[in-house]
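Participant: Please see the structure below; I have some questions.
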Amino acid sequence: MMLVRILVTGACGQIGSELVPLLRERYGKDNVIASDIVVEKLKMLSEPYEVINVLDREKLEKVIKEYDIDIIYHLAAILSAKGEENPQLCYQVNINGTYNVLEAARVGGVEKVIIPSSIAVFGPETPDNPGEITILKPRTMYGISKVFAELAGEYYYHKYGLDVRGLRFPGIISWKTPPGGGTTDYAVEVFYAAIEKGHYTYFVREDTTLPMMYMPDALKALIQLMEADNSRLRYRFYNVSGMSFSARELTEVIKKFIPYFTVEYKPDERQKIADSWPSRLDDTAAREDWDWKPDWDLERMAKDMIENLSKKLRKRV
Ligand SMILES: NC(=O)c1ccc[n+]([C@@H]2O[C@H](COP(=O)([O-])OP(=O)(O)OC[C@H]3O[C@@H](n4cnc5c(N)ncnc54)[C@H](O)[C@@H]3O)[C@@H](O)[C@H]2O)c1
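Note that my numbering gives residue 211 to position 211 of the sequence shown, counting from 1, and the numbers run on in steps of one.
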């Protein structure tokens with residue numbers, strides 16, 4: 001086990017709430033400092049935690065110094081759909097916040113910063129099944145902010161030797177903590193609705209096909225990339241892919257487990273965002289450079305989601 005001190009920003013979110021316990025298991029409880037802007041939720045993660053608004057660089061610098069942080073997982077962000085409701089806040093948190101984290105890491109002598117990027121860096125001009133080097137002309141403020149994070153991360157790596165790494169995640173599906181306002185949230189909401197009401201109204205068309213990943217694979221990727229030997233890395237930001245399916249295919253799989261489940265498709269403004277993203281992405285480089293391999297496919301994920309969510313919601317299906 002490496003002896004490291006890790007700071008996680010945005011730790012109370014969908015990913016952080018599962019990543020923090022896993023990191024604590026791996027690196028020791030006291031070596032993983034959870035932080036978020038939300039005080040109440042932080043208490044659920046248990047100590048050590050610090051309230052950090054990533055717009056407050058002084059606080060970031062103070063915490064990095066106080067705990068002698070080596071690695072930062074920078075998860076704090078405003079996600080795609082929420083970002084289109086409030087692009088100004090998205091700009092502030094995702095662009096200024098990421099800049100603050102990189103600057104605080106640089107002056108604080110942090111070794112590595114891991115930043116999740118997203119399929120939102122792609123846009124309508126991106127070819128389907130894109131690799132790492134492709135057209136990045138997103139149409140959302142969230143996507144723009146993730147392109148900034150990637151480019152700024154590479155800049156800090158080449159200019160200052162700060163080891164910034166990241167993953168272009170597809171939509172993440174999980175049952176422990178609800179998602180925070182992304183375009184792929186339907187792929188999680190549908191499970192809650194299927195179990196609780198037997199009915200779901202999608203906010204996308206039935207043929208909407210996007211890349212997705214089950215949380216255990218996302219957590220594995222976040223740790224594997226962080227631990228990967230830098231000399232093997234051709235890129236700072238890697239595509240990772242788990243599965244791709246249409247809303248209709250998702251419905252069909254859920255029906256195998258919940259036969260009475262019914263759906264409607266009523267696309268709203270989020271359809272436009274979904275349509276601007278590729279339906280799958282090429283993660284060959286991650287497989288070659290740091291041995292990435294997802295474990296979960298659509299059917300196994302759906303079965304596991306239904307089992308765990310019905311227990312959590314105390315509802316038999
Ligand atoms: N969940 C996905 O499907 C997905 C897909 C691709 C990329 N990502 C990326 O992964 C990272 C984590 O995503 P998530 O799904 O856990 O998001 P989330 O929305 O569930 O959580 C984000 C957390 O950031 C916190 N936050 C918001 N503003 C803040 C601020 N000013 N200072 C500090 N904290 C603040 C929120 O309180 C929240 O707990 C993000 O960078 C996101 O862009 C997520």
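Glycine residues also receive a C-beta, built at the ideal position from the N, C-alpha and C atoms.
Taking 8 angstroms as the limit between beta carbons, can you name the residues of its chain near Y265, skipping five residues before and five after?
Facilitator: Residue 265 sits at position 265 when you count from the first residue of the sequence shown. Counting only Cβ-Cβ distances below 8 angstroms, and skipping sequence neighbours, we find T201, Y202, V204, R205, E206 and A247.
Participant: Could you pull out every residue in the same chain whose Cβ sits closer than 6 angstroms to the Cβ of G143, ignoring the five residues on either side in sequence?
Facilitator: The residue you call residue 143 lines up with position 143 of the sequence shown. So the list reads A120 and V121, once near-sequence residues are dropped.
Participant: Examine ligand 1 and report whether any of its heavy atoms sits within less than 7 angstroms of the Cβ of T184.
Facilitator: Reading the sequence shown from its first residue, position 184 is the one you call residue 184. For ligand 1, at least one heavy atom lies less than 7 angstroms from the Cβ of T184.
Participant: Check whether the Cβ of Q88 sits closer than 7 angstroms to any heavy atom of ligand 1, and report yes or no.
Facilitator: Sequence index remark: in the sequence shown, residue 88 carries index 88 (1-based). Not under cutoff, so the answer is no.
Participant: Please give the ranges of any alpha helix (DSSP H) in the stretch 213 to 281, keeping only runs that are unbroken, at least 4 residues long and fully inside the region.
Facilitator: 215 to 227, 247 to 257 and 270 to 275
Participant: Looking only at its chain, what residues have a beta carbon closer than 6 angstroms to the beta carbon of P179, apart from the 5 residues adjacent to it on each side?
Facilitator: The residue given as residue 179 occupies position 179 in the sequence shown. Correct list, in chain order: Q14, D185 and V188.
Participant: Would you call the stretch 108 to 127 in contact with the stretch 265 to 283, where contact means no fewer than 3 C-beta pairs closer than 8 angstroms?
Facilitator: yes
Participant: What number of angstroms, rounded off, separates the C-alpha of K272 from the C-alpha of P21?
Facilitator: Locating residue 272 in the sequence shown gives position 272, where the first residue counts as 1. Locating residue 21 in the sequence shown gives position 21, where the first residue counts as 1. Computed Cα separation, rounded: 36 angstroms.
Participant: Let me know the secondary structure DSSP gives V38 once reduced to three states.
Facilitator: Sequence index remark: in the sequence shown, residue 38 carries index 38 (1-based). It is coil, neither helix nor strand.
Participant: With DSSP as the reference, please indicate the residues paired to K43 in a beta bridge.
Facilitator: By 1-based counting over the sequence shown, the position of residue 43 is 43. Beta-bridge pairing links K43 to no other residue.
Participant: Secondary structure at I64, three-state DSSP: helix, strand or coil?
Facilitator: To locate residue 64, count along the sequence shown from 1; it is residue 64. In this structure, I64 counts as helix in the three-state DSSP scheme.
Participant: Could you tell me if the beta carbon of A286 falls within a distance shorter than 7 angstroms of some heavy atom in ligand 1?
Facilitator: By 1-based counting over the sequence shown, the position of residue 286 is 286. False, no ligand heavy atom lies under 7 angstroms from that Cβ.
Participant: Please tell me whether, using a cut-off of 7 angstroms, the distance from the CB of I52 to the nearest non-hydrogen atom of ligand 1 is below it.
Facilitator: Numbered from 1 along the sequence shown, position 52 holds the residue referred to as residue 52. The answer is yes for I52.
Participant: Out of D128, I173, K137 and I114, which one is the CA nearest neighbour of V164?
Facilitator: If you number the sequence shown from 1, residue 164 lands on position 164. V164 has its Cα closest to that of I114, out of D128, I173, K137 and I114.
Participant: Quick check on DSSP: helix, strand or coil for F169?
Facilitator: Here residue 169 is taken as the residue at index 169 of the sequence shown, counted from 1. F169: strand per DSSP, three-state reduction.
Participant: Which same chain residues end up closer than 7 angstroms to T209 when comparing Cβ atoms and leaving out the 5 residues on each side of it in sequence?
Facilitator: Sequence index remark: in the sequence shown, residue 209 carries index 209 (1-based). Cβ neighbours of T209 beyond the five flanking positions: S244, F245, S246 and S279.
Participant: Got a sec: does ligand 3 put a non-hydrogen atom nearer than 7 angstroms to the Cβ of S279?
Facilitator: This structure does not include ligand 3; its bound ligands are ligand 1.
Participant: For K82, count neighbouring C-beta atoms within 10 Å of its own C-beta (all shown protein chains included) and say buried if the count is 16 or more, exposed if not.
Facilitator: Taking the first residue of the sequence shown as 1, we reach residue 82 at position 82. Classified as buried, K82 has 16 or more neighbouring CB atoms from the shown chains inside 10 Å of its CB.
Participant: Is it buried or exposed for P259, if we count other Cβ within 10 angstroms and need 16 for buried?
Facilitator: For this step, residue 259 is matched to residue 259 along the sequence shown. So P259 ends up on the exposed side.
Participant: Could you give the residue range of the beta strand (DSSP E) that holds S117?
Facilitator: Sequence index remark: in the sequence shown, residue 117 carries index 117 (1-based). Run containing S117: K112 to S118, per the beta strand (DSSP E) assignment.
Participant: Under 7 angstroms: does the beta carbon of T209 sit that close to some heavy atom of ligand 1?
Facilitator: Taking the first residue of the sequence shown as 1, we reach residue 209 at position 209. Not under cutoff, so the answer is no.
Participant: Give the straight-line distance between the Cα atoms of R139 and A285, rounded to the nearest whole angstrom.
Facilitator: Here residue 139 refers to the residue found at position 139 when the sequence shown is read from its first residue. Here residue 285 refers to the residue found at position 285 when the sequence shown is read from its first residue. Roughly 26 angstroms between the two C-alpha positions.
Participant: So, are the CB atoms of L222 and D289 less than 8 angstroms apart?
Facilitator: Stepping through the sequence shown from its first residue, residue 222 is reached at position 222. Stepping through the sequence shown from its first residue, residue 289 is reached at position 289. Cβ distance not < 8 angstroms, so L222 and D289 don't count as in contact.
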